[in-house]
Each structure stands twice: as C-alpha cells, then as structure tokens.
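Under the working numbering, the first residue of the sequence shown carries the number 1, and numbering increases by one thereafter.
To start, the structure itself, in structure tokens.
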Amino acid sequence: MDKSPRYLETPPDWSAEERPTLPGSPAAIAHATPKRFAYFFIGLFICIAASLSNGFVIANLPIFQGEYGLTPSQAAWLPAAYVMANVSANLILFKARQQYGLRLFSEIGLLVFIGVLILHLIVQTYEMALIVRFIAGLAAAPLSSLGMYYTMQAFGKLI
C-alpha cells in the first residue's frame, strides 16, 4: 500500500521555516512589514464580516420577536440555530480543509455566504428565518477560519 499523500496540485517549494505545520494549513511566509499590516487588517475585516450578521440578529431579537409574533424562547432559536451550525461546520472544516485544500473550501464558503446574505432579504416567515440562520452559521465557519489565517500571516511563525 502506497503511504505517500495524493496532492491536488504540486506543493510549493517552501523552506523549513515556511512549511505549514499540518497539511492544508497556511504556510508561515516571511512577509515585509507593509504586507503584514495588510494581512492583519484584511483578516480583521473578514472575521468581522463573518460574524456581523449574527451580531445584528442578536441585537435586534426584540424586533424579530414583534415582527413574527414570537415568544422569547422562539426568538432565542434564531441565534441558537446559527451557533449550532457554526460549531458543526468548524468540525467539518478541519477534515475538508485537509482533503480539498483551503482555497477551494474558502471560495465555496464565500459563495454560500453571499447567497445567504441575499436570502436574508427575502425571509418572510419564522421557519424560513431559522433555516437561513442555520445556513448562515454553516457559511460563516470557513470565513472565520480564513480571517484567522490572514491574521496569522501578519504575525508569522513564532516557533
């Protein structure tokens, strides 16, 4: 049985310091200082964008409760559906990232996230809002990780 990994594409020629710790994780490339600042602010922007929709929903729960005629426990399911899906997707993310690569997983997550943002505009019922919040949690997981990876590039390898 062949023990060598199957690559989707030829791996880059990294030095020992730049090589990623785990397959599928980002490399620790020594960037110039202006590029490090750019990576930090882009990572911060991605993390904020990934979690901002959930923050808006939590801040406006009383409005949703009045709009849909919900009890407080029903309204609490809106952010709960997001968190349940987000936690599950982060567990799946680890395996999918190693199997298919970070770029493909992030691109798919970004497209789904854009689709979910559009779906938020056409929600008319409580049940549809729950489904959209669940899908938003799934779609935000790759973006949260992508934001962290960009932020990690700003600091480089410390070990």
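Ideal Cβ positions, reconstructed from N, Cα and C, are used throughout, including at glycine.
Just so it is clear, the structure is predicted and the values come from calculations on it, not from any experiment.
ALA75 versus PHE64: straight-line alpha-carbon distance, rounded: Within the sequence shown, the letter at position 75 stands for residue 75. Within the sequence shown, the letter at position 64 stands for residue 64. Using only the alpha carbons, I get a separation of about 7 Å.
Given VAL132 as reference, the closest of VAL57, GLU9, THR151 and ALA38 once Cα atoms are compared: One-based indexing of the sequence shown puts residue 132 at position 132. Among VAL57, GLU9, THR151 and ALA38, the Cα nearest to that of VAL132 is on VAL57.
Residue ranges of each alpha helix (DSSP H) within the stretch 58 to 111, 4 or longer: Runs of the alpha helix (DSSP H) inside the stretch 58 to 111: 61 to 68 and 72 to 100.
Same chain only: Cβ atoms within 6 Å of LEU61, ignoring 5 sequence neighbours per side: The sequence position of residue 61 within the sequence shown is 61, counting from 1. Cβ within range, chain order: ALA75.
Neighbourhood of LEU146 by C-beta distance below 6 Å, restricted to the same chain and skipping five residues each side: Translated into the one-based positions of the sequence shown, residue 146 becomes position 146. The answer, listed in chain order, is ILE46 and SER106.
Candidates THR125, ASN90, LEU121 and LEU117, of which the one nearest ALA49 by Cα: If you number the sequence shown from 1, residue 49 lands on position 49. With distances taken between Cα atoms, ALA49 lies closest to LEU117.
Cβ contact (3+ pairs, closer than 8 Å) linking the stretch 76 to 86 and the stretch 136 to 156: yes
Proximity winner among LEU93, SER53, LEU111 and MET148, relative to ALA129 (alpha-carbon distances): Sequence index remark: in the sequence shown, residue 129 carries index 129 (1-based). For ALA129, the nearest C-alpha among the options comes from SER53.
Nearest-angstrom Cβ-Cβ length linking GLY109 and PRO142, presumed shorter than 8 Å: Position 109 of the sequence shown, counting from 1, holds the residue named residue 109. Position 142 of the sequence shown, counting from 1, holds the residue named residue 142. With 8 Å as the limit, GLY109 and PRO142 qualify as a contact, their Cβ atoms being about 3 Å apart.
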